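Structure first, then comments.
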Amino acid sequence: MKGPLLTKLRLLMASTAIVSSLFISCKKDYSAEDVPIPPVVKDYNLILRFSAVVDTNELEFGKTYRNYFRESYSVSAFKFYIHGIEMINTDSGKVFRTSADKYFLVDFADSTTTILKLSVLPYKYNRIGFTVGVDSARNVSGAQTGALDPAKGMFWTWNTGYIMAKLEGNSGSAAGGKFEYHIGGFSGPDNVIKKPILLFPFGETIDMKPDKVSEIIVTANISNWFYNPHDLKFSENPVCTTPGPLARQIAENYSKMFTVVSVRNE
């Protein structure tokens, strides 16, 4: 009996080996390159990019420029708050408003703050608007977090409220050789909060599509701080660090510094 039993056992073992060999040979060897990569899901579909310029030249900190009155100067700090961004279609009258509670501090000393990533309703738009500054409710709510953190250097501890825009630098025309404009004030006739609405260049539009990212590039021209409608000379007013008529006039000037220079549809 041992002979036939041993023969059957050997045949069974051989059959198992053949099946195992076939299974292994049919199994696909997956490499890292074969593993499918899940699609990247973006939480934004619009990039708003700010660029600081002096007339047609990109701003360089420490470089010497001349203002409208031929006074030489260089810039050491340039930043401002924006919020309440709106995408506008003047043909249809449609307006998409982002959250008014979302604040951005655009600081040209930190390039990461000059690129804003937004989630906007896909549609066709031909204008963009936003508020420059911090609204009255936030100004009387004390020190806050995020972009409104006092550590950002844009909060007056001596006079409750935020600096809406700041421009600092050096000028031989200024007493002491320096200029300092910290523009604030949120109530009454000297309110400096501004709401510019900007046209797109050459009648262009942003035609936003689902799952696509569009881009708008906006320049902020420092030259506009110094004139139109009010003359601002370093020799006469090198410092403005309190709310009042001068701060209001400077804000009326810089509210015109923004220009949309490019729009792009993906």
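Counting in our numbering, the final residue of the sequence shown is number 303, and the numbers go up one at a time with none missing.
Glycine included, every Cβ here is placed at the ideal spot set by N, Cα and C.
Computed from a predicted model, the values in this text were never measured in an experiment.
message: Spatial neighbours of V276 within its chain, please: C-beta separation below 6 Å, excluding the five flanking residues on both sides.
response: E217
Practice item. Hey, could you find the ends of the alpha helix (DSSP H) S173 is sitting in? Key: 173 to 176
Between S136, G190, L142, F98, which has its C-alpha nearest T278's C-alpha?
G190
* **Residue environment, K231, which counts as buried when at least 16 other CB atoms sit within 10 Å** => buried
In terms of alpha-carbon separation, which member of K100, H120, G222 lies closest to E289? G222
- Query: Starting from I259 and walking both ways along the alpha helix (DSSP H), at which residues does that stretch end?
  - Reply: Careful: I259 lies outside any alpha helix (DSSP H) and carries neither H nor E.
Three-state secondary structure (DSSP) at Y67? Residue placement at Y67 is poorly supported in this model, since its pLDDT is 47, which falls under 50; the coordinates are not used for a value here.
key: 9 Å Cβ cutoff met for N126 and V250   = no
Report buried or exposed for G121, applying the criterion of at least 16 other Cβ atoms within 10 angstroms of its Cβ.
buried
(Q) For a minimum of 3 consecutive residues, which ranges assigned as the beta strand (DSSP E) are wholly contained in the stretch 197 to 246? (A) 198 to 207, 215 to 221, 234 to 236
For R175, does the count of other Cβ atoms within 10 angstroms reach 16, so buried, or fall short, so exposed?
-> buried
Give me, in chain order, the residues of the same chain whose beta-carbon lies closer than 6 Å to that of T168; leave out the 5 immediate sequence neighbours on both sides. H120, G121, K232
Beta-carbon proximity list for I31, same chain, < 7 Å, skipping 5 on both sides: The structure shown does not extend to residue 31, since the chain is modelled only from 38 through 303, so no value can be given for it.
- prompt: Helix or strand or just coil, what does DSSP make of G99?
  reply: coil
Looking only at its chain, what residues have a beta carbon closer than 7 Å to the beta carbon of N274, apart from the 5 residues adjacent to it on each side?
L283
Quick check on the burial criterion: 16 or more other C-beta atoms within 10 angstroms. Buried or exposed for P280?
buried
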